[in-house]
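A short write-up of the structure that comes next.
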Amino acid sequence: MASGAAGNPDRLREYRARRDAARTPEPVPAAPAKGKRGRAREPIFVVQEHRATALHWDFRLERDGVLVSWALPKGVPTDPRRDHRAVRTEDHPVEYADFTGRIPAGEYGAGTVATYDRGTYALQKWTDDEVKVELSGERLTGRYTLFRTGGADWMIHREKGQEPLGEPVPDDLRPMLAVPGPAPAGGGWAAEFKWDGIRALCRVEGGRARLRSRNGNDLTETYPEIKALAKTVSSARLLLDGEIIALDAAGKVSFGALQPRFGTSGSEALRLSRSNPASYLIFDLLHLDGRSTRELPYSDRRELLESLELSGPHWQTPPAFPDTPVAELLAAARAAGLEGVVAKRLDAPYQPGVRSPAWRKVKVTGSQSAVIGGFTPLKRQDAARSRPPREIGALLLGIPDAAGTLHYVGKVGSGFTEHDRRVLLEELSELAVPESPFATAVDAADARVATWVRPVVVAEVTFGEWTAKGRLRHPVFKGIRPDKDASEVVREP
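Residue numbers for the sequence shown follow this note's numbering, beginning at 293 and rising by one.
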């Protein structure tokens, strides 16, 4: 290793050979590094976030007049239970500890360099195969060991008996949301398939996984088959974003196939996890071992996510397609019977709870979430006030405006199973109110036989198009959306 051992007259020869002082803003000393510090002081360490071809963190220790350096693909571990890979790189000049900025394209290490942490360290051991230090920085403190596993490959370990460092895994975030729209043209976007399931954040900490819906409901006991994810991850603390899906009898992703799982727990959830299993499709990483990744651009978050290699019997990380035109991927989604694609700007940070134009959902067929404001009976004779309805015939749907006023957009009477009609009748009857919640008129024939309900339940429908009067044409019921609040519903194009 090009370590701190004496005897090398020019510790920076490799560093200078890789850089042209006329082309890079990095410090490029003309003279060889001096072997000893000029005054008695504690040596420094610096950790630099380097957004190069692959995002990584550079860990540097001052030693014999240079910064001995390692590249850490996942950063410095903050939990003693997880070691991170470290790759030995060339020694850097001590002046590099102060460098921040952009290395031009075409130059070695092209990308941006920013300081993650710096401070001093106390040396405990330094050999060609092992380095032990105690760090005193603003973010990083405590005892660390770097040990060689072979060649330039090392591992970095936070010593046991110390508390984990960094920020706790957030427990109250809401997912970032996409806006509907056409496929974006030009570069700067990646696309992912849009899965027909329910959104969920997965918090992994202390060897346990906890699932929360987009409106904050705990889903962990509803999907017990996904909890095992926590036992297989290479990092101790994570916050993931993804979609819970289920497959139908033909092996296709189906929102309807997921419906029987909603609201279950205990022995029923365990039984359904075997007969009707769900899977968690992971597409974003919001927190990694004490560090928020939300401020990183999407491209860097995806790179970190893929480095975790999250794959198991009930969880996967589906690919993203940064080099494929969105229109081309949309055609593939149509051929596969999927709902559409979500295009995401490569440079976009993650904005919790925000519906952002940096994410754009492009659908193959029209689908719409709508608030249920009432229902009509299946048979006209059930409409007689002396005889309560036995099954639901149609749901009366609305969409709130920015002020929260509910506007009628039509009724859906197809797509229901007999089970749907009975269960919906039971659940919606408990929400009955005496007056219509709609600000706009419902067709008179339906209004005469309608049972009005509090507008708190959200349904999902597919439809052909919007009519000139703002009604859904040919809507078909897909299912209930317990993961959505009525206030979240917006009109899709």
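Yeah, the Cβ is synthetic: ideal placement off N, Cα and C, and Gly gets one too.
If contacts are defined as beta-carbon pairs under 8 Å, then residue i and residue j qualify, I think. What distance do you get, rounded to the angstrom?
i, j, result
"LYS770", "GLY489", "Incorrect: roughly 11 Å between the Cβ atoms, too far for contact."
"PHE667", "LEU720", "6 Å"
"LEU602", "VAL525", "7 Å"
"THR407", "GLN340", "6 Å"
"GLU258", "ARG311", "Given that the chain is displayed from residue 293 to residue 785, the structure contains no residue 258 and the question cannot be resolved."
"GLU620", "ALA561", "Not really, about 39 Å apart at Cβ, beyond 8 Å."
"PRO472", "ALA635", "PRO472 to ALA635, Cβ: 11 Å. No contact."
"HIS449", "PRO552", "Not really, about 46 Å apart at Cβ, beyond 8 Å."
"VAL386", "VAL358", "7 Å"
"GLU459", "ARG583", "7 Å"
"SER565", "ILE537", "At roughly 14 Å, the Cβ-Cβ gap does not stay under 8 Å, so SER565 and ILE537 are not in contact."
"PRO372", "GLU422", "No, PRO372 and GLU422 are not in contact; Cβ-Cβ is about 17 Å, not under 8 Å."
"THR709", "ALA724", "THR709 to ALA724, Cβ: 23 Å. No contact."
For residue i, name the three-state secondary structure that DSSP assigns.
i, result
"VAL715", "helix"
"ALA627", "helix"
"TYR436", "strand"
"SER546", "coil"
"LYS523", "helix"
"ARG506", "coil"
"ARG308", "helix"
"ALA675", "Model confidence at ALA675 stands at a pLDDT of 46, short of 50, so the residue's coordinates are unreliable and nothing is read from them."
"TYR590", "helix"
"TYR515", "coil"
"VAL618", "helix"
"SER728", "coil"
"LEU687", "strand"
"GLU459", "coil"
"GLU497", "strand"
"SER706", "coil"
"ASP421", "coil"
"ASP350", "strand"
"ALA778", "helix"
"GLN551", "helix"
"LEU698", "strand"
"ALA298", "Because the pLDDT at ALA298 is just 45, under 50, the model does not fix this residue reliably, and the value given afterwards should be weighed accordingly. Of the three classes helix, strand and coil, the one that applies to ALA298 here is coil, per DSSP."
"LEU465", "coil"
"VAL386", "helix"
"GLU426", "strand"
With distance defined between alpha-carbon atoms, name the residue in the options nearest to residue i.
i, options, result
"LEU427", "ASP420, ASP421 and THR437", "THR437"
"ALA444", "ASP463, ASP420 and ARG450", "ASP420"
"ARG645", "GLY705, ALA628, ASP533 and LEU469", "Strictly speaking, residue 645 in this sequence is Gly, with Arg absent from that position. Looking at the Cα atoms, LEU469 is the closest of the given residues."
"ALA501", "LYS486, ALA522, THR514 and VAL749", "ALA522"
"PRO396", "ASP390, HIS579 and VAL405", "VAL405"
"GLY543", "SER557, THR514, PHE351 and GLY629", "GLY629"
"LYS776", "THR697, GLU727 and ILE664", "ILE664"
"LEU600", "ARG377, GLU422 and TRP418", "ARG377"
"ARG410", "ALA346, VAL656, PRO692 and ILE336", "ILE336"
"THR609", "HIS579, THR585, LEU578 and ILE574", "ILE574"
"ALA624", "GLU484, PRO692 and ALA778", "GLU484"
"VAL320", "GLN643, GLY479, PHE391 and GLY702", "PHE391"
"SER659", "GLY582, ASP371, ALA751 and PRO569", "ALA751"
"ARG647", "GLY403, ALA346, GLY429 and GLU780", "GLU780"
"PHE730", "VAL749, GLY690 and VAL768", "GLY690"
"HIS384", "TYR413, ASP375, ALA323 and VAL423", "ALA323"
"GLU354", "LEU723, VAL768 and VAL338", "VAL338"
"ALA314", "GLU399, GLU387, TYR572 and ARG504", "GLU399"
"PHE554", "PRO774, THR316, ARG305 and ARG333", "PRO774"
"LEU577", "VAL618, ARG626, GLY762 and GLU535", "GLU535"
"PRO456", "PRO617, ALA346, PRO614 and ARG374", "ARG374"
"ARG435", "PRO569, GLY401, PRO726 and LYS417", "LYS417"
"SER661", "THR433, GLY685 and TYR700", "TYR700"
"LEU539", "GLY403, ARG303, THR657 and PRO569", "PRO569"
"THR585", "GLN643, LEU622 and ALA627", "GLN643"
"VAL782", "ASN507, ASP693, ALA733 and GLY480", "ASP693"
In terms of residues, what are the limits of the alpha helix (DSSP H) holding residue i?
i, result
"VAL741", "736 to 741"
"SER603", "It is not in any alpha helix (DSSP H) - SER603 carries neither H nor E in the DSSP assignment."
"GLY577", "First, the amino acid is wrong: residue 577 is Leu here, not Gly. Element bounds for LEU577: not the alpha helix (DSSP H) but the beta strand (DSSP E), 570 to 580."
"ALA561", "558 to 567"
Got a sec, what are the start and stop residues for the beta strand (DSSP E) residue i sits in?
i, result
"MET447", "445 to 450"
"SER648", "647 to 655"
"LEU530", "530 to 538"
"TRP418", "403 to 418"
"GLN660", "658 to 669"
"ARG394", "393 to 395"
"ALA378", "376 to 380"
Is the beta carbon of residue i within less than 6 Å of some heavy atom of the ligand HEM?
i, result
"ILE448", "For the structure depicted, the ligand HEM is absent and the ligand set is empty, with no information on it obtainable."
* To do: Give a yes or no on contact between the region 639 to 648 and the region 587 to 598, applying the rule of three or more CB pairs nearer than 8 Å.
  => yes
* **Touch test, the region 643 to 653 against the region 710 to 725, Cβ-Cβ under 8 Å, three pairs minimum** => no
* To do: Give a yes or no on contact between the region 493 to 513 and the region 457 to 464, applying the rule of three or more CB pairs nearer than 8 Å.
  => yes
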